[in-house]
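Structure, as structure tokens:
Residue numbers (the working numbering): 41 to 219.
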């Protein structure tokens with residue numbers, strides 16, 4: 041069985057902030073995310089078709105029957121969607137306003153398991169750390185702006201506050217939030 045690809049610390053942080061499990065995107069959701077909706081609320085297949093160089097009927101077929109395995113246009117749509125997911129607009133769309141408001145106003149508790157370096161001691165640890173609303177706001181601002189380096193440094197700062205010193209998180213195996 042092939043090994044699952046390891047998530048980067050930035051991906052683990054973003055998943056913990058979102059808290060909602062990421063589902064595999066459907067062709068309809070990809071078209072809706074990238075090209076918007078028509079007045080009737082359906083995915084804008086006409087705009088998608090014009091961008092991808094196929095007919096609107098082909099895009100409609102993808103939405104109804106699924107994407108073909110070997111198609112340059114379908115691969116292009118999937119690639120554009122992966123790029124969009126990591127963009128500022130994609131991150132903003134995937135974080136609910138209710139969740140964001142809750143994190144900014146009340147903070148959260150983060151459950152961490154992974155490698156932690158405190159001073160010269162580096163080992164696997166599991167711990168729960170309370171992240172206050174001010175620090176959580178800074179983490180959210182950086183994550184939503186696509187600045188993963190700053191978001192991770194703010195997370196390390198929150199752990200440093202809890203441990204009373206400087207902390208580095210070179211490897212995150214699991215990161216979850218309460219609330």
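Think of the CB as a built atom: it goes at the ideal place given N, C-alpha and C, for glycine as much as any other residue.
Starting from the Cα of residue i, find the closest Cα among the options and give me that residue.
| i | options | result |
| --- | --- | --- |
| residue 104 | 67, 123 and 113 | 67 |
| residue 205 | 211, 212, 213 and 196 | 196 |
| residue 155 | 174, 167 and 145 | 167 |
| residue 99 | 83, 109 and 110 | 83 |
| residue 111 | 125, 94 and 160 | 94 |
| residue 165 | 139, 148 and 203 | 203 |
Quick one: what's got a C-beta closer than 8 Å to residue i's C-beta in the same chain, skipping five residues either side?
| i | result |
| --- | --- |
| residue 53 | 179, 183, 188, 191, 192, 195, 212 and 215 |
| residue 144 | 173, 176, 177 and 180 |
| residue 163 | 155 and 156 |
| residue 133 | 73 |
What residues in its chain sit with their C-beta under 6 Å from that of residue i, if we drop five residues either side in the sequence?
| i | result |
| --- | --- |
| residue 199 | 169 and 207 |
| residue 157 | 208 |
| residue 151 | 168 and 216 |
| residue 86 | 96 |
| residue 107 | 67 and 114 |
| residue 131 | 184 |
| residue 39 | As displayed, the chain neither begins before 41 nor continues past 219, which places residue 39 out of reach and without an answer. |
For residue i, which residues in the same chain have their Cβ closer than 7 Å to its Cβ, ignoring the five residues on either side in sequence?
| i | result |
| --- | --- |
| residue 185 | 128 |
| residue 113 | 92, 93 and 94 |
| residue 56 | 150, 215, 216 and 217 |
Roughly how far, in whole angstroms, is the beta-carbon of residue i from the beta-carbon of residue j, given that I think they are within contact range, below 8 Å?
| i | j | result |
| --- | --- | --- |
| residue 58 | residue 135 | 6 Å |
Those runs of the alpha helix (DSSP H) which lie wholly inside the stretch 141-195 and span at least 4 residues
If you keep only unbroken alpha helix (DSSP H) runs of at least 4 residues inside the stretch 141-195, you get 173-184.
| message | Just to confirm the assignment: which complete alpha helix (DSSP H) runs, minimum length 4, are found wholly within the stretch 46-99? | response | 49-58, 67-75 and 85-92
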